[in-house]
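Under the numbering used here, the first residue of the sequence shown carries the number 903, and numbering increases by one thereafter. Every residue, glycine too, gets a C-beta built ideally from N, C-alpha and C. Small disclaimer: the values here were computed from a predicted structure and weren't measured.
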Amino acid sequence: MHKKIPKIKIRIPKEDAIKSALVNTAGSLILAKASPDDALGELFKDVQQNRIYDDGMTFVDLIPRARMNQIRKQYHIAKSDPSFNLHDFVRRHFYAYETSTIDYQSNPSHTPRQHIAELWDVLERRNRVDRGSLIAIPYSYIVPGGRFSAQYYWDSYFTMLGLAADGRWDMVENMIKNATYMIRKFGFIPTANRTYFLSRSQPPFLSHMVRLLAKHHNRKLTLLEHLPYLLGEYRFWMNGRRIVMKLDETDASRRVVRMPDGSILNRYYDNKKTPRPESLREDVETAGESEGDRAEKLYLDLRAAAESGWDFSSRWFADEKELGTIHTTDIVPVDLNCLLFHLESTIAETYQLMYQPLLARKYRRLAEKRQAAIVKYMWDEDEEFFVDYNFRTGSSTGRVTIAGAFPLFTKVATPIQAKMVAARIKKDFLKKGGLVTTLIESGQQWDWPNGWAPMQWIAIQGLREYGHFALANKIKKSWIDACLFTYKEKLKMVEKYNVVTPHRLSGGGEYTLQDGFGWTNGVLAALLAEDDINRREPKN
């Protein structure tokens, strides 16, 4: 139930008082529970580096049968035994949390829409108590599927699109409540409700989630109710602004970057400079012989790329085909800054609804400054496209990716720029099965020939915002056809698709192709629902 807000003047004691009241105490609420790599020490490294499990995420998601410090002590004693077997030790001291997804079988007689509607219940989870690395959250939620068994931040928005299309507004609201709960608890929304994700977030889609909910509920009440959390989200991403504002040169602090002209933009980051727990072996192999500061920078850049959601892509590499040249934290990404523009604009609009013109003007001005900086630094005249900016070199990264559609999605682009972006998308990105992610074949999953549901939605909606309906509909049809072809052949939806050759399953990356799949289901259901609505509308 939404808390009723009376139709009277809403008093705000001082500027950003809501934000202060909400988030200033967040630090005291953070779980003392450590990430598995910190809690298990040598045991954790030995399990991950000896490849006890093919997928490193398997171990970090296991549930300990005793306190981790006790298991750690037992390991220290047991490993000295000549007959010691590491795999047996892990099996005795940890177990997997079983879910209904494992036994699920698709019904061959179901249409794709029926399949997706049935999957919502299969992918639904509820955990009100901590289980190993899984952090308790108060409401039920939808997991992506496969190896991803938690509520993932940016996945959730695209999943919500399908839930909304299927009338599952209760679940949309539940997942938003879980996100706001995590802001109260941690001061930000982590990648997912896992202890090993408490140092990084994901692309900030909270303001889009709130606006989606506002379409169903009372718009004004929904925005007002969520303002404290929007401000909490903003504070997290802008932590470091005061430091860079004191500088006279281009530099960065945490997720904030001071640009050459003094304007403020953002980058992806992580609060740790160690191998990712869920991919420790892979990160150590990538680091190779690197040591000290060089290794720490590499680990930070790998983690920052994971925060971007694009893990991994030539977008973040100095050498387009070498993961070891990753330098994510040197890059000001176009998609992140467009999402923060939307967040600032949403906060401004909400303050306006509260009859707080000074605060509304403050955030509107911040949004305008960000928009101007995005256009100044990320519009590439030569490419006629929006491209990420390397603030260390003071130039474009030169990597043309489908992230360049975000300025259309958030209405940052001018009509002329949007027309050029549309032409480039049609010429280079549109393939038989939808939009390819980049134009570089690197072997990474966020590169050619793969296409992803979120990027199709972003581009389709962005093109519609500027009146490019024919191209948007062509992308929509191509993507739907690719999804339906795979469903017909495999009776499942998958995480990503080979859009260049749709009859082939996609590949690349650190893990095998996952099915389920939350955001694919969400975007496909939303797109198919548009056709259902159009068929129901009377013809003139």
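Quiz item: With burial defined as no fewer than 16 other Cβ atoms inside 10 Å of the residue's Cβ, what is the status of residue 1371: buried or exposed?
Solution: Taking the sequence shown and counting its residues from 1, the one referred to as residue 1371 is at position 469. So residue 1371 counts as exposed.
Exercise. Write down every uninterrupted run of the alpha helix (DSSP H) in the stretch 1031 to 1112 whose length is 4 residues or greater and which is fully enclosed by it, in chain order.
Key: 1055 to 1067, 1071 to 1088
Exercise. Ignore the nearest five residues each way along the sequence and tell me which others in residue 986's own chain have a CB closer than 8 Å to its CB.
Key: The sequence position of residue 986 within the sequence shown is 84, counting from 1. So the list reads 980, once near-sequence residues are dropped.
Exercise. Report the option in 1067, 1224, 1250, 1338 whose CA atom is closest to the CA atom of residue 1117.
Key: Against the sequence shown, residue 1117 aligns to sequence position 215. Out of 1067, 1224, 1250, 1338, 1067 has the C-alpha closest to the C-alpha of residue 1117.
Exercise. Have a look at residue 1224 and residue 1345 and give me their C-alpha separation to the nearest angstrom.
Key: Walking along the sequence shown from the start, residue 1224 turns up at place 322. Walking along the sequence shown from the start, residue 1345 turns up at place 443. Roughly 10 Å between the two C-alpha positions.
Quiz prompt | Member of 1359, 1367, 1384, 1388 whose CA lies at the smallest distance from the CA of residue 1064 | solution = Locating residue 1064 in the sequence shown gives position 162, where the first residue counts as 1. Answer by Cα proximity: 1359.
Quiz item: Should residue 1180 be labelled buried (16 or more other beta-carbon atoms within 10 Å of its own) or exposed?
Solution: Along the sequence shown, read from residue 1 onward, the residue named residue 1180 stands at position 278. The residue in question, residue 1180, is buried, as its Cβ has 16 or more Cβ neighbours within 10 Å.
Self-check item: CA-to-CA distance, residue 1252 to residue 1184, given in whole angstroms
Solution: To locate residue 1184, count along the sequence shown from 1; it is residue 282. To locate residue 1252, count along the sequence shown from 1; it is residue 350. Their Cα atoms are separated by approximately 44 Å.
Quiz item: In whole angstroms, what is the alpha-carbon distance linking residue 1299 and residue 1231?
Solution: The residue labelled residue 1299 in the question sits at position 397 within the sequence shown. The residue labelled residue 1231 in the question sits at position 329 within the sequence shown. If you take the alpha carbons of residue 1299 and residue 1231, they lie about 12 Å apart.
Quiz item: How close, in whole Å, do the beta carbons of residue 1255 and residue 1125 come, if the pair is a contact with beta carbons under 8 Å?
Solution: The residue labelled residue 1255 in the question sits at position 353 within the sequence shown. The residue labelled residue 1125 in the question sits at position 223 within the sequence shown. At roughly 6 Å, the Cβ-Cβ gap stays under 8 Å, so residue 1255 and residue 1125 are in contact.
Quiz item: Alpha carbon to alpha carbon, how far is residue 951 from residue 1301?
Solution: Along the sequence shown, one-based indexing puts residue 951 at 49. Along the sequence shown, one-based indexing puts residue 1301 at 399. Computed Cα separation, rounded: 33 Å.
Quiz prompt | the stretch 1382 to 1390 / the stretch 1310 to 1330 touching (three or more Cβ pairs under 8 Å) | solution = no
Self-check item: Per-residue DSSP class, three states only, for residue 1221
Solution: As a first step, residue 1221 is located in the sequence shown; it is residue number 319 there, counting from the start. Three-state DSSP puts residue 1221 in coil, outside helix and strand.
Exercise. For residue 1120, count neighbouring Cβ atoms within 10 angstroms of its own Cβ and tell me buried if that reaches 16, exposed if not.
Key: Here residue 1120 is taken as the residue at index 218 of the sequence shown, counted from 1. Result: exposed.
Quiz item: residue 1350: which of 1052, 1034, 1212 sits nearest, CA to CA?
Solution: On the sequence shown, residue 1350 is found 448 positions in, with the first residue counted as 1. Out of 1052, 1034, 1212, 1212 has the C-alpha closest to the C-alpha of residue 1350.
Quiz item: So which of 1112, 1303, 1273 has the shortest CA-CA distance to residue 1285?
Solution: As a first step, residue 1285 must be located in the sequence shown, where it is residue number 383. Closest option to residue 1285, Cα to Cα, is 1303.
Quiz item: Whole-angstrom Cβ separation of residue 1071 and residue 1044, contact assumed at under 8 Å?
Solution: On the sequence shown, position 169 is the one that residue 1071 refers to. On the sequence shown, position 142 is the one that residue 1044 refers to. Actually they do not touch by this definition, with Cβ atoms about 13 Å apart.
Exercise. For the beta strand (DSSP E) containing residue 1159, list its first residue and its last residue.
Key: Working through the sequence shown from its first residue, we reach residue 1159 at position 257. Counting along the chain, the beta strand (DSSP E) containing residue 1159 begins and ends at 1158 to 1160.
Quiz item: How long is the line joining the alpha carbons of residue 1058 and residue 983, rounded to whole angstroms?
Solution: On the sequence shown, residue 1058 is found 156 positions in, with the first residue counted as 1. On the sequence shown, residue 983 is found 81 positions in, with the first residue counted as 1. Distance between the alpha carbons of residue 1058 and residue 983: 47 Å.
Exercise. Using the DSSP secondary-structure output, state which residues sit across from residue 1234 in a beta bridge.
Key: If you number the sequence shown from 1, residue 1234 lands on position 332. Paired residue(s): 1291.
Quiz item: Helix or strand or just coil, what does DSSP make of residue 1282?
Solution: For this step, residue 1282 is matched to residue 380 along the sequence shown. Residue 1282 falls in the strand class under three-state DSSP.
Quiz item: In terms of residues, what are the limits of the beta strand (DSSP E) holding residue 1399?
Solution: Here residue 1399 refers to the residue found at position 497 when the sequence shown is read from its first residue. It spans 1398 to 1400 - the beta strand (DSSP E) in which residue 1399 sits, taken as one unbroken run.
Quiz prompt | Local conformation of residue 996 per DSSP, three classes | solution = Counted from its first residue, the sequence shown places residue 996 at position 94. In this structure, residue 996 counts as strand in the three-state DSSP scheme.
Self-check item: Three-state class that DSSP yields for residue 953 in the structure shown
Solution: Working through the sequence shown from its first residue, we reach residue 953 at position 51. Coil at residue 953, not helix or strand.
Practice problem: Within 10 angstroms of the Cβ of residue 989, are there 16 or more other Cβ atoms? Answer buried if so, exposed if not. | Solution: Position 87 of the sequence shown, counting from 1, holds the residue named residue 989. By the neighbour-count rule (16 or more Cβ atoms within 10 Å), residue 989 is not buried but exposed.
Quiz item: From residue 1077 to residue 1191, what does the alpha carbon distance come to, in whole angstroms?
Solution: In the sequence shown, the residue the question calls residue 1077 occupies position 175. In the sequence shown, the residue the question calls residue 1191 occupies position 289. Their backbone Cα atoms lie some 43 Å apart in a straight line.
Quiz item: At what residues does the beta strand (DSSP E) containing residue 1167 begin and finish?
Solution: Working through the sequence shown from its first residue, we reach residue 1167 at position 265. Unbroken beta strand (DSSP E) run through residue 1167: 1166 to 1168.
Quiz prompt | Whole-number beta carbon distance between residue 1399 and residue 1353, since they are thought to touch under 8 Å | solution = Taking the sequence shown and counting its residues from 1, the one referred to as residue 1353 is at position 451. Taking the sequence shown and counting its residues from 1, the one referred to as residue 1399 is at position 497. 5 Å between Cβ atoms; contact.
Quiz item: In three-state terms, what does DSSP make of residue 1341?
Solution: Position 439 of the sequence shown, counted from the first residue, corresponds to residue 1341. Here residue 1341 sits in coil by DSSP.
Exercise. May I ask you to report which of helix, strand or coil DSSP gives residue 966?
Key: Taking the sequence shown and counting its residues from 1, the one referred to as residue 966 is at position 64. Looking at residue 966 - three-state DSSP - the assignment turns out to be strand.
Quiz item: What does a CB cutoff of less than 6 Å around residue 1431 pick up in its chain, not counting 5 residues either side in sequence?
Solution: Counting from one through the sequence shown, the residue named residue 1431 turns up at place 529. The residues are 1067.
Quiz prompt | Counterpart residues of residue 1228 in DSSP-defined beta bridges | solution = Against the sequence shown, residue 1228 aligns to sequence position 326. DSSP lists 1219 as partners of residue 1228.
Self-check item: Bridge partner(s) assigned by DSSP for residue 1275
Solution: As a first step, residue 1275 must be located in the sequence shown, where it is residue number 373. Answer by DSSP bridge pairing: none, since residue 1275 is not bridged.
Quiz item: Is the stretch 1234 to 1254 in contact with the stretch 1153 to 1172, if contact means three or more CB pairs nearer than 8 Å?
Solution: yes
Quiz prompt | Closer than 6 Å: residue 1099 CB and nearest the ligand MN heavy atom | solution = In the structure on display, the ligand MN does not appear, and there are no ligands present to speak of.
Exercise. State the DSSP-derived secondary structure class of residue 1173, mapped to helix, strand or coil.
Key: Position 271 of the sequence shown holds residue 1173. Coil.
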